[in-house]
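Visitor: At the far end of the sequence shown sits residue 1147, using the working numbering, and the numbering has no gaps. Glycine is no exception: its CB is placed at the ideal position from the N, C-alpha and C atoms. Shown below is the structure under consideration.
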Amino acid sequence: MGRLVLATIGILYGAAVHANIEKITVYGHRAGLIGDSISASSGIIGQGEIQERPMLRSTEMLELIPGMAVTQHSGSGKANQYFIRGFNLDHGTDFATNIDGMPINMRSHGHGQGYTDLNFIIPETISTISYAKGSYDASQGDFSTAGSANFFIANDLQHQQVELSLGENNYFRGVALGAAQLSDGKLIGATEWQTYSGPWDNVDEDVNKKNALLRYVTNMQNGNLSVTAMAYDNTWNSADQIPQRAVDQGLISELGSLDTSLGGSSSRYSLSANWQGNNLQANAYVINYDLNLFSNFSYFLNDPINGDQFNQQDSRTISGAALSYQFDSHGFSIPVQHKVGLQLRHDNIDNVGLYNTKETVYVSTVRQDALTETSYSSYWQSNLTFNNKLEATVGVRYDYIDADVNSDIAANSGSANDDQISFKASLNYLINDSLAAYANWGESFHSNDARGATISIDPATLTPAETVDLLVKSEGAEIGLRYSDKQNFNLSAALWWLELESELLFIGDAGNTEASDASKRYGIEVSAYYWLNDSISIDAEASFTHSRLDINDVNDHIEGAVPVVASTGVNWHVNDNWQSSLRLRHIGKRTLTADNEQRSDPLTVLNTMFSYSQTHWKVSFELLNLLDSDDHDIDYYYESRLPGEISEGVEDNHFHPIEPRTARLSLSLLF
């Protein structure tokens, strides 16, 4: 199938070379948005900024969001770790993502609740990414506690291109984008193929990632219609997190692995349709998804003979639809814009399983389930314009989730349902043409794994287990300012707080998460963008957060919480041909234990990129981790056991290092 898709896109691309090229506007980071946003902490990222950002992995696109950090603790094909507003989001639990109306977060997932794998996205096909921190818009639902990001696929290409990239450790990436007129519409095609060995001592990552996209856009019924097919397939080996003592004892280097048989495979195939008219918008989608993942976090702690390697599987079909309608009214001579919407999502999970394995060979079943999970959502949001300076937005949202679990342990089968009403409100005041003030408040939630809502017996110990709520409520607010002089300088600042009824914490020896106590967070964020002249721009972003469990105990620190995330960068357009970018990212010391006795070291990394372009070609050079830092992408503190150690195991810091300095060269042919 992969060859057929590539051949089809290749034919399309050849035809598209002779098509007329439309001129479009490419936006960079739009953070000013005075008069266009309901909060100080939202923004829009354009394709121009995505192109200018040096990235080790394409999934680091979310780092374009101020205050967001993206790392990895395993193989390149696995979903990343995300950090924002004091959350270690694990793989996405409290940050909602979607692409063209399709959800990306996975409910009741085999590896982690809200699992957010962005590997299926081809960065060159994205026109904009809109983001919002906090949850103050009524259209935001599950997983949006800390914020949300929406990826929008381009209906027009800036240019058609073929790009080849080569780098150290057998890095190869090939991309092709093309467009052609078809009947009364336009057909857009894109493919991506990436291979990579990685820098690890005794593991060849052997990444084999393939992506394809085919999109048809046209006008229909006085509106715009897009129909999009996407295909993703990936296999990889993993250099997973390792214990510090294994490095100290000389058993492995920091780039070594204790279990060299880890890795996985994943695929995602989707078909979606979007139609937008003057007042009405509708979308529908179907997604087929699979994951087969092998991990080992504790080595020989639970099984001193076979070891603790385990296999997580997830196979599902997701279908859904959404409908929204906008209309105006006048009440008490106040113009009011209304938006009402309905959302439906159904997850039909054929198998979500956890198995004990040894060198990827099946040993025993821990748990195996089939389940269905359906959500029904509706919302109403109204924007009131009191005068040319003051606006208010109020909204209400209702969510209902119903789940049925069929477990291999009969006592763990059952049904669960839950619902929630969420209220949201915002005020924004235009102090003058350059300065605006904002106040926001909103309720939201994340869903828990449906298996936890029906469980009776722990499948590993066969002891009684407590159920968790299917929906976990959050409440947050912020006040903020935006300043823009319309030419050279943008500034946004927000002071925020957030309460969550239950945290999800990572459990190292189980390789999963479990519900914990309620929590409170507050912090301040500042983002500034300054254009010195037509050639040089500077940006700086910083987020400072205080995070605690809502308990009266010295062990009230939230494991994995990040107090500081900061970044800065310089973009220099030397002339019409030469361009360079230098970026610094910093993540502060992370809390590893509830008593805060164990903390990680900070992470600081510097990346740079240079490019030279002509009308029909472009060459780029990236130097990632310029200073060859050996900081850690991720740290966890828990018990594990190496051969010969005591049966109770040893508490230790387990980490995954950032990749050493690496160079990559890209050549693009533009049409």
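(1) Assuming contact is defined by CB atoms lying nearer than 8 Å, are G553 and Q789 in contact in what I supplied?
(2) Can you tell me where the beta strand (DSSP E) with A929 in it begins and where it stops?
(3) Alpha carbon to alpha carbon, what distance is there between V870 and D716?
(4) Distance check for L756 and A802, CA to CA, integer angstroms please.
(5) With 16 as the cutoff for other CB atoms within 10 Å, does K900 come out buried or exposed?
(6) Note down, in chain order, each residue of its chain lying with its Cβ closer than 8 Å to the Cβ of P1133, except the 5 sequence neighbours on either side.
(7) Cβ of Q557 within 8 Å of Cβ of T547?
(8) So, is M696 buried or exposed, given that buried needs 16 or more other C-beta atoms within 10 angstroms?
(9) Report the residue ranges of all beta strand (DSSP E) runs contained in full by the stretch 806-872; include only those spanning at least 3 residues, in chain order.
(10) Determine the contact status of L747 and A705, defining contact as a CB-CB distance below 8 Å.
(11) Excluding five sequence neighbours on each side, which residues of the same chain lie with their C-beta closer than 6 Å to the C-beta of N564?
(12) Does the beta-carbon of I781 have 16 or more other beta-carbons within 10 angstroms, so that it is buried, or is it exposed?
(13) Mind the definition here: the stretch 855-867 touches the stretch 932-941 only if three or more C-beta pairs lie below 8 Å; say whether that holds.
(14) Just to confirm, are S513 and Y612 a CB contact at a threshold of 8 Å?
(15) Leaving out five residues before and five after E835 in sequence, what residues of the same chain have Cβ atoms less than 6 Å from its Cβ?
(16) Measuring only the C-alpha atoms, how far is F808 from N904?
(17) Would you report the Cα separation of S1142 and E639, rounded to the nearest angstrom?
(18) Leaving out the 5 sequence neighbours to the left and right, which residues in its chain are closer than 6 Å to W676 when beta-carbon positions are compared?
(19) DSSP three-state label for N888, please.
(20) Answer yes if the stretch 580-595 comes into contact with the stretch 1044-1062, meaning at least three C-beta pairs across the two stretches below 8 Å, and no otherwise.
(21) Among the candidates N908, L727, D945 and I580, whose CA atom is the shortest distance from the CA of D925?
(22) Nearest-angstrom Cα distance between V1030 and N778?
(23) Looking at C-alpha atoms only, which residue of T667, E681 and R721 is the closest neighbour of A707?
(24) Would the beta-carbon of G665 fall within 8 Å of that of L701?
(25) According to DSSP, is S550 part of a helix, a strand, or is it coil?
(26) Can you tell me the Cβ-Cβ gap for S733 and R1117, rounded? I've got them flagged as a contact below 8 Å.
(27) Using the beta-carbon count (16 or more within 10 Å), is T1091 buried or exposed?
(28) What does a CB cutoff of less than 7 Å around K499 pick up in its chain, not counting 5 residues either side in sequence?
(29) Tell me, to the nearest whole angstrom, how far the beta carbon of Y855 is from that of V872; I am working on the premise that it is less than 8 Å.
(30) Give me the Cβ distance between N645 and G674, rounded to the nearest whole Å; I'm assuming they're in contact under 8 Å.
(31) According to DSSP, is V1030 helix, strand or coil?
(32) Leaving out the 5 sequence neighbours to the left and right, which residues in its chain are closer than 6 Å to L971 when beta-carbon positions are compared?
(33) Measuring CA to CA, which of Q523, N595, A760 and R533 is closest to E1098?
(34) So D1109 is in the beta strand (DSSP E); what residue range does that whole segment cover?
(35) Contact defined as beta carbons within less than 8 Å: I believe S920 pairs with S898. What is the distance between those atoms, to the nearest angstrom?
(36) Taking F1042 as the reference, give the member of Q523, I560 and E528 with the closest Cα.
Guide: Short version:
(1) no
(2) No beta strand (DSSP E) holds A929; the alpha helix (DSSP H) holding it covers A926 to T930.
(3) 46 Å
(4) Looking at the sequence itself, residue 802 is Gln, so the reference to Ala does not match. In a straight line, the C-alpha of Q802 is about 7 Å away from that of L756.
(5) buried
(6) E730, L731, D1106, D1107, H1108 and D1109
(7) yes
(8) exposed
(9) 810-834 and 837-861
(10) yes
(11) G1036
(12) exposed
(13) no
(14) no
(15) S737
(16) 20 Å
(17) 7 Å
(18) A715 and L731
(19) helix
(20) no
(21) D945
(22) 29 Å
(23) T667
(24) no
(25) coil
(26) With a Cβ gap of about 16 Å, S733 and R1117 do not count as contacting.
(27) exposed
(28) With a pLDDT of only 29 at K499, under the threshold of 50, the placement of this residue in the model should not be trusted; the figure read from the coordinates follows. Once the five neighbours on either side are set aside, K499 has no close Cβ partner at all.
(29) 7 Å
(30) 6 Å
(31) coil
(32) I955 and I1000
(33) R533
(34) H1108 to S1116
(35) 6 Å
(36) The identity of residue 1042 in the sequence shown is Ala, whereas the question assumes Phe. Looking at the Cα atoms, I560 is the closest of the given residues.
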